[in-house]
Amino acid sequence: MTIDKVIGSAADAVADIPDGASIAVGGFGLCGNPMVLITAMLDAGTTELSVVSNNCGVDDWGLGLLLAAGRIRKMTSSYVGENKEFERRYLSGELELELTPQGSLAEKLRAGGSGIAGFFTQTGVGTQVAEGGLPQRYNADGTIAQASPAKQTQQFDVDGVLKEFVLEPAISTDFAIVHALRGDRHGNLVFNKSARNFSPLAAMAGRICIAEVEELVEPGAIDPDAVHLPGVYVHRVVEVGSDIEKRIERRTVSQSDANAAGGN
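Residue numbers (our numbering): -1 to 262.
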């Protein structure tokens, strides 16, 4: 039996994502953002989304497009420092934010995709991450409307020393969207260098994973040892081509590099 997961267009691939859905999104900064799928969701008018992603893009790119259109209700992220609209919406009470340490966020997604309910970690012990009180949503007047709750902690013997750990619940979402360099019709994916970042983990966490791929190949064309994410985690594949726009979040060029290139 052939399992062909290819969908004809990005619009068709995201058509059944309902308002209020939770969605895990791959990418780190602007690297590896599934822009074609994000744009398709923007065009579809999907709103009240609860998004799990390392960050929320910038004001005019990445998830920042959905944010600026008022489509995101809640973000679960580890870094939010490059988006002024994000700051405005969060501080004005228009956006709920669950800040999570980056490594914990990655493991929460991996655990969710692996059927693990939660895990204990030392990250965040002794801080508001464990003790609660992080502002998650503000009132319009700047007072805190909702703060993070305290989490369960427990001591474990580590090399003969009792150390405290905090229980982090796993994350699973209704959908996931990711961008890959290459994929086959069965959903096996290969990511390009650092664009791999959070993408495999986000894909694992989604009950329905939609992958946009620059190059679509036939099953067997990808060496099994080269597969970064097996197709068992992927439900829909959309070919977007390699000429899509890819932006750099912050470009810096040193004086020595400029001189070597013939610059002033």
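Just so it is clear, CB atoms sit at the ideal spot from N, CA and C, and this is done for glycine as well.
Computed from a predicted model, the values in this text were never measured in an experiment.
Inset, instruction - Take residue 28 and list the residues in its own chain whose beta-carbon comes closer than 8 Å to its own, dropping the five residues that flank it on each side. - result: For the purposes of this step, residue 28 is identified with residue 30 of the sequence shown, where counting begins at 1. Same-chain partners within the cutoff: 55, 56, 59, 60, 244, 245, 246, 247.
Inset, instruction - Identify the continuous alpha helix (DSSP H) that holds residue 82 and give its terminal residues. - result: Taking the first residue of the sequence shown as 1, we reach residue 82 at position 84. Element bounds for residue 82: 82 to 89.
Legend entry - Classification of residue 182 by the beta-carbon crowding that lies within 10 angstroms, buried from 16 upward: Here residue 182 refers to the residue found at position 184 of the sequence shown. The residue is buried, with at least 16 neighbouring Cβ atoms inside 10 Å.
Inset, instruction - Specify the secondary structure class of residue 100 as computed by DSSP and reduced to three states. - result: Here residue 100 is taken as the residue at index 102 of the sequence shown, counted from 1. Here residue 100 sits in helix by DSSP.
Legend entry - Option nearest residue 70 by Cα separation, candidates 33, 17, 52, 89: The sequence position of residue 70 within the sequence shown is 72, counting from 1. Taking only the C-alpha atoms, the option nearest residue 70 is 17.
Inset, instruction - Determine the direct distance from the alpha carbon of residue 148 to that of residue 117, and round the result to whole angstroms. - result: Against the sequence shown, residue 117 aligns to sequence position 119. Against the sequence shown, residue 148 aligns to sequence position 150. Rounded to the nearest whole angstrom, the CA to CA distance from residue 117 to residue 148 is 16 Å.
Legend entry - For residue 32, the three-state DSSP class (helix, strand or coil): Here the question's residue 32 lines up with position 34 in the sequence shown. Residue 32 falls in the coil class under three-state DSSP.
Legend entry - Range of the contiguous alpha helix (DSSP H) that encloses residue 65: Taking the sequence shown and counting its residues from 1, one reaches residue 65 at position 67. Note, residue 65: alpha helix (DSSP H), 62 to 66.
Inset, instruction - Return the chain-ordered list of same chain residues with a C-beta closer than 6 Å to the C-beta of residue 34, the five sequence neighbours on each side being excluded. - result: Locating residue 34 in the sequence shown gives position 36, where the first residue counts as 1. Once the five neighbours on either side are set aside, the close Cβ partners of residue 34 are 8, 210, 238.
Inset, instruction - Look up residue 111 in the DSSP assignment and say whether it is helix, strand or coil. - result: What you label residue 111 is simply residue 113 of the sequence shown in a count that begins at 1. Residue 111 falls in the helix class under three-state DSSP.
Legend entry - Classification of residue 249 by the beta-carbon crowding that lies within 10 angstroms, buried from 16 upward: Taking the sequence shown and counting its residues from 1, one reaches residue 249 at position 251. Result: exposed.
Inset, instruction - Sort out for me which residues DSSP pairs residue 75 with in a bridge. - result: Along the sequence shown, one-based indexing puts residue 75 at 77. 97.
Legend entry - alpha helix (DSSP H) segments (min. 4 residues) lying fully within the stretch 173 to 245: 197 to 203
Inset, instruction - Please go through the same chain and pick out, in chain order, the residues whose beta-carbon is closer than 7 Å to the beta-carbon of residue 91, but skip the five residues on each side of it. - result: Here residue 91 refers to the residue found at position 93 of the sequence shown. Correct list, in chain order: 135, 136, 137, 138, 143.
Inset, instruction - Could you tell me the boundaries of the alpha helix (DSSP H) in which residue 155 lies? - result: Here residue 155 corresponds to residue number 157 of the sequence shown, with the count starting at 1. No alpha helix (DSSP H) contains residue 155, which is instead part of the beta strand (DSSP E) from 151 to 156.
Inset, instruction - Return the chain-ordered list of same chain residues with a C-beta closer than 7 Å to the C-beta of residue 67, the five sequence neighbours on each side being excluded. - result: For this step, residue 67 is matched to residue 69 along the sequence shown. Counting only Cβ-Cβ distances below 7 Å, and skipping sequence neighbours, we find 40.
Inset, instruction - Report yes if the C-beta distance between residue 218 and residue 173 is below 8 Å; otherwise report no. - result: Taking the first residue of the sequence shown as position 1, residue 218 is located at position 220. Taking the first residue of the sequence shown as position 1, residue 173 is located at position 175. It is not a contact, given that the beta carbons lie outside the stated cut-off.
Inset, instruction - Give the secondary structure of residue 166 by DSSP, where H, G and I count as helix, E and B as strand, and everything else as coil. - result: The residue you call residue 166 lines up with position 168 of the sequence shown. In the structure shown, the three-state DSSP call for residue 166 is strand.
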